[in-house]
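Everything on this sheet refers to the single structure shown next.
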Amino acid sequence: MELEKETLPLAVVVMGVSGCGKSSVGAGIAARNGMRFVEGDQLHPARNVEKMAKGIPLTDADRLPWLDRIGEEINTAQKASQGLVISCSALKKTYRDRLRQAAGGRLAFVFLEGTRDLLLSRMQARQGHFMPASLLDSQLQTLEPPTGEAGVVTVAVENALEDIMALACKGLSGVAVKGGDNHAG
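Read in order, the letters of the sequence shown are residues 1 to 185 in the UniProt record's numbering.
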């Protein structure tokens with residue numbers, strides 16, 4: 001079931017730790033709704049990718065320039081009145097608030113939640129990704145789940161990909177209706 005484009009938030013961040021399916025789910029949500037998808041990992045500075053590839057966890061100082069680049073993508077799309085879906089781990093509330101600020105508050109999150117065992121098995125199965133499975137625990141320790149935050153849809157990744165996308169789209173339509181889009185900006 002497709003969403004009405006008018007009900008979608010202007011920008012959607014698909015978030016969660018590595019291995020949860022941000023790219024697959026984000027691309028699917030974007031395709032279903034005629035929106036552009038941006039792979040947030042491609043916006044990382046080269047030094048961040050090098051650190052992660054070596055198994056070194058990123059610090060807040062490492063992540064802030066990356067979050068700002070993601071915020072710029074969101075802001076640019078909104079100024080052009082274009083829908084955007086972007087993947088970003090957005091592990092901490094301060095990171096999500098930074099993205100909300102860049103977006104002027106007109107932003108929804110899809111939080112992909114799964115067990116450590118499931119996430120680890122997914123990370124070990126994928127090929128050609130710079131993020132080693134050894135960093136999963138540091139990401140889980142850093143994660144501040146967005147429980148109770150406005151504009152967040154949580155979907156369990158134990159579901160099949162099609163079901164995850166359908167649940168995310170259904171949740172986003174509810175967020176968009178509740179959040180409203182009637183204030184000038």
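For every residue, glycine included, the Cβ atom is placed at its ideal position computed from N, Cα and C.
Rounded to the nearest whole angstrom, the CA to CA distance from Ala156 to Glu113 is 5 angstroms. Annotated as distal: Val152 and Leu172, with beta-carbon spacing of 7 angstroms or more. Three or more Cβ pairs drawn from the stretch 84-98 and the stretch 33-43 lie within less than 8 angstroms of each other, which places the two stretches in contact. A direct Cα-Cα distance of roughly 18 angstroms separates Glu144 from Gln101. Gly19 places its beta carbon 7 angstroms or farther from that of Arg116. Gly26 has its alpha-carbon roughly 9 angstroms from the corresponding atom of Met15. Here Val12 really is in contact with Ile29; their C-beta atoms are around 6 angstroms apart, less than 8 angstroms.
Excluding sequence positions up to five before and after Met165, its CB lies within less than 7 angstroms of the CB of Val25, Gly28, Ile29, Arg32, all in the same chain and listed in chain order. The beta carbons of Ile74 and Cys88 sit no closer together than 7 angstroms. The three-state reading of DSSP puts Val25 in helix, counting H, G and I together.
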